[in-house]
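Counting from 1 along the sequence shown, just add 80 to a position and that's the residue number in our numbering. Cβ coordinates follow ideal geometry from the N, Cα and C atoms, glycine included. Just so it is clear, the structure is predicted and the values come from calculations on it, not from any experiment.
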Amino acid sequence: MTEPTRITLAGTLLGARLTLPVLPGTVVFAAVFGTVAAQKGLSFLETLLINSVVFAGASQFVAMEVYAAPLTLAGLLAMVGVTAAVNLRMLLIGASLRPWLGTVPGLHTYPALFLLTDINWLIALRHYNEGGRDWGVYLGSGLAIWVVWSASVVPGYFLGALLADPGRYGLDLVMPAFFTALLVPLWKGRRQTVSWGLAGVVAWGTWATFGGYWGILTGALAGALAGAFVDD
């Protein structure tokens, strides 16, 4: 019999602990955004608000590539458009949580979706696939990442020159390594092999051709389509 979905303090703390390996990369990633925002001429308050309210790393960087002062209506629409495009993958990620969180009252679920990121989605999905039903794991991991992400933009804004090149310290590899370690146990057969492989090839091809962060969107869509049409 399937264990019902619940939330506990222990699960929330567990979710926060599971983010520890990726927090160094989160700190550097957020700090680099603070540096970029400062270079673009944003005030400290504007940087804090964008970083904490948008809370979507890749699309924040894409928006900064489009941003130019003074901000015009066309520039604003372009920023909104690229942010929405890069974050379209969240539709697929959110849909994958439906079998688990579909039984949780909407009053609790929908505010918690603000904390949805690639990292805590993967943590929560692995917990669910291993038989866990405590969605405090999702909530705790999301809160931990949001708090660290929001705070880490501060040193980046004021000390940007020291953090502008995370690759110098190898910290740019922290998140990919963490994702790989969590993904491997989720592999179940042919469908994952084909869909993950195609997603990686399309994402790499997009990056090599166009640069930037559009590979996140194209890779996610290619992998989802492959997974939909490939049988195990």
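What are the boundary residues of the alpha helix (DSSP H) that residue i is part of?
i: residue 191; result: 186 to 192
i: residue 143; result: 137 to 146
i: residue 168; result: Note, residue 168: premise wrong, no alpha helix (DSSP H); not H, not E.
i: residue 296; result: 294 to 309
i: residue 271; result: 270 to 290
i: residue 180; result: 178 to 181
i: residue 115; result: 103 to 119
i: residue 149; result: Premise fails: residue 149 is in no alpha helix (DSSP H) and is neither H nor E.
i: residue 127; result: 124 to 129
i: residue 202; result: 198 to 209
With a threshold of 8 Å between beta carbons, is residue i in contact with chain B?
i: residue 222; result: Within the model displayed, chain B is absent; a lone protein chain is all it includes.
Round the Cβ separation of residue i and residue j to the nearest angstrom and send it over; I've been treating them as touching at under 8 Å.
i: residue 96; j: residue 221; result: 6 Å
i: residue 201; j: residue 85; result: That belief does not hold up - the Cβ atoms of residue 201 and residue 85 are roughly 16 Å apart, past 8 Å.
i: residue 287; j: residue 295; result: 4 Å
i: residue 103; j: residue 217; result: About 16 Å separates the two Cβ atoms, so there is no contact after all.
i: residue 236; j: residue 110; result: 6 Å
i: residue 219; j: residue 92; result: 6 Å
i: residue 279; j: residue 308; result: No, residue 279 and residue 308 are not in contact; Cβ-Cβ is about 12 Å, not under 8 Å.
i: residue 196; j: residue 170; result: 6 Å
i: residue 141; j: residue 108; result: The Cβ separation is near 13 Å, so there is no contact.
i: residue 136; j: residue 167; result: 6 Å
i: residue 172; j: residue 304; result: 5 Å
i: residue 271; j: residue 310; result: 5 Å
Based on DSSP bridge pairs, tell me the residues matched to residue i.
i: residue 86; result: 214
message: When you compare the region 112 to 125 with the region 181 to 189, are there three or more beta-carbon pairs, one atom per stretch, that lie closer than 8 Å?
response: Contact between the region 112 to 125 and the region 181 to 189 is absent: fewer than three C-beta pairs spanning the two stretches fall below 8 Å.
task: Give a yes or no on contact between the region 173 to 180 and the region 147 to 164, applying the rule of three or more CB pairs nearer than 8 Å.
output: no
- prompt: With a cut-off of 8 Å, do at least 3 Cβ pairs link the region 131 to 144 to the region 218 to 235?
  reply: A contact exists between the region 131 to 144 and the region 218 to 235.
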